[in-house]
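Residue numbers (this note's numbering): 12 to 316.
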């Protein structure tokens, strides 16, 4: 089949690479424009474009996919199937109607749970025990299309947003190729989503990572893992930002945000119980263990709840 791949995020890279090695023909790729990144605001291409370095693949980077020129350029590629993964824009009907067979979206949750931009972080933060990949027939809504196929994996107690992202990215290609087989046979199902089970995972902002110490320790610990690496969990200490990459729950109590121990263990009270910080990074400094951090800060620590 002739495939147009539409995506920007790193989660779609294994699927794109698998498509390029398959018997199917990837006739074009649509991704986001290059954008300034980081403090230096250096112009960086999307991860999908980086994955195509050294190839002669036609790459389209419209600012908005609903622009008439973008729609006509995609139509000219004459795809049988459009595959979408973490693109960041809702496709208009004019694009959805282009492929001869189907327009499919790979979504990193078991829909209808966690529609939206940040399903991986939301699943960990909520304490979900499993998640997965959903392949759905796209429509004009936000992750509202009929389900074609789902694959499930367990969320491990040690999973971070990064590790779960990588495990889901690995299972996505096989899920997609199973869908191709069903499409070729004419037996691909269309299972409507149960709207009574819908939950949403909106796009995260950097400030969403600020820790609220009035929450229970287990909820904070899940958010620390969920937000690693993005947007990153953090607190203010000594008027500086302290990123927290990992922590463990301890059976101590105190006023939320109060430092309960700061000589060998960096323990902070939460709304229920407390957290012992494991790996941290003070702004402008390198990432280090909490024990190493305490050597230079134990006598002056003042946490801001």
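The C-beta atom is built at its ideal place from N, Cα and C for all residues, glycine as well.
Fair warning: this is a prediction, and the values are worked out from it, not measured in the lab.
Excluding the five sequence neighbours on either side, which residues of its own chain have a C-beta within less than 6 Å of the C-beta of residue i, listed in chain order?
i: residue 131; result: 119, 172, 175, 176
i: residue 81; result: 73
i: residue 95; result: 17, 116
i: residue 316; result: Bear in mind that the predicted position of residue 316 carries a pLDDT of just 47, short of 50, making it unreliable; the figure below should be weighed with that in mind. 224, 267, 268, listed in sequence order.
i: residue 226; result: 282
i: residue 162; result: 143, 144, 182, 186
i: residue 199; result: 159, 193
i: residue 240; result: 173
i: residue 203; result: 157
i: residue 317; result: Limits of the chain in this structure are 12 at one end and 316 at the other, which puts residue 317 out of reach.
Can you list, in chain order, the residues of its chain whose CB lies under 8 Å from that of residue i, leaving out five sequence neighbours each side?
i: residue 166; result: 134, 135, 139, 140, 141, 142, 175
i: residue 19; result: 42, 43, 57, 58, 59, 97, 98, 99
i: residue 14; result: 30, 35, 36, 37, 38, 90, 91, 92, 93, 94
i: residue 214; result: 127, 128, 129
i: residue 301; result: 276, 277, 287, 288, 289, 290, 291
i: residue 47; result: 53, 54, 55
i: residue 219; result: 238, 242
Compare the Cα-Cα distances from residue i to each of the options and report the closest residue.
i: residue 75; options: 52, 304, 53, 85; result: 85
i: residue 274; options: 238, 305, 52; result: 305
i: residue 50; options: 280, 301, 105, 295; result: 295
i: residue 247; options: 103, 279, 206, 147; result: 279
i: residue 106; options: 303, 124, 87, 123; result: 87
i: residue 137; options: 232, 270, 263; result: 232
i: residue 102; options: 210, 260, 150, 178; result: 150
i: residue 251; options: 221, 242, 260, 240; result: 221
i: residue 155; options: 264, 168, 205, 67; result: 205
i: residue 21; options: 284, 53, 180, 12; result: 180
i: residue 157; options: 113, 184, 195, 238; result: 113
i: residue 83; options: 104, 28, 272, 168; result: 104
i: residue 285; options: 218, 262, 111, 108; result: 262
i: residue 298; options: 54, 184, 55, 245; result: 245
i: residue 27; options: 78, 66, 45; result: 66
i: residue 201; options: 12, 303, 79, 148; result: 148
i: residue 217; options: 236, 272, 242; result: 242
i: residue 210; options: 121, 77, 307; result: 121
i: residue 169; options: 238, 195, 219, 153; result: 238
i: residue 153; options: 188, 212, 195, 197; result: 212
To which residues does DSSP link residue i through a beta bridge?
i: residue 10; result: Missing from the structure shown is residue 10; the chain here goes from 12 to 316 and no further.
i: residue 292; result: 254
i: residue 46; result: 55
i: residue 274; result: In DSSP, residue 274 forms no bridge with anything.
i: residue 29; result: None, per the DSSP bridge assignment.
i: residue 283; result: 227
i: residue 300; result: 290
i: residue 114; result: 93
i: residue 18; result: 96
i: residue 158; result: 147, 202
i: residue 70; result: 40
Apart from the five residues on each side of it in sequence, which residues of its chain come closer than 7 Å, Cβ to Cβ, to residue i?
i: residue 70; result: 40, 42, 60, 63
i: residue 208; result: 123, 124
i: residue 229; result: 260
i: residue 4; result: Any property of residue 4 remains undetermined from this structure, which presents the chain solely from 12 to 316.
i: residue 178; result: 164
i: residue 109; result: 85, 86, 90, 93
i: residue 184; result: 25, 26, 29
i: residue 265; result: 271, 280, 285
Exercise. Please specify which runs of the beta strand (DSSP E), each continuous and at least 3 residues long, are wholly inside the region 121–150, giving them in chain order.
Key: Uninterrupted beta strand (DSSP E) stretches at least 3 residues long and entirely within the region 121–150 occur at 141–148, given in chain order.
Quiz item: What residue ranges within the region 195–269 form continuous alpha helix (DSSP H) runs of no fewer than 4 residues, ordered along the chain?
Solution: Uninterrupted alpha helix (DSSP H) stretches at least 4 residues long and entirely within the region 195–269 occur at 228–237, given in chain order.
Quiz item: Is the region 250–268 touching the region 290–300, taking contact as three or more C-beta pairs under 8 Å?
Solution: Touching, yes.
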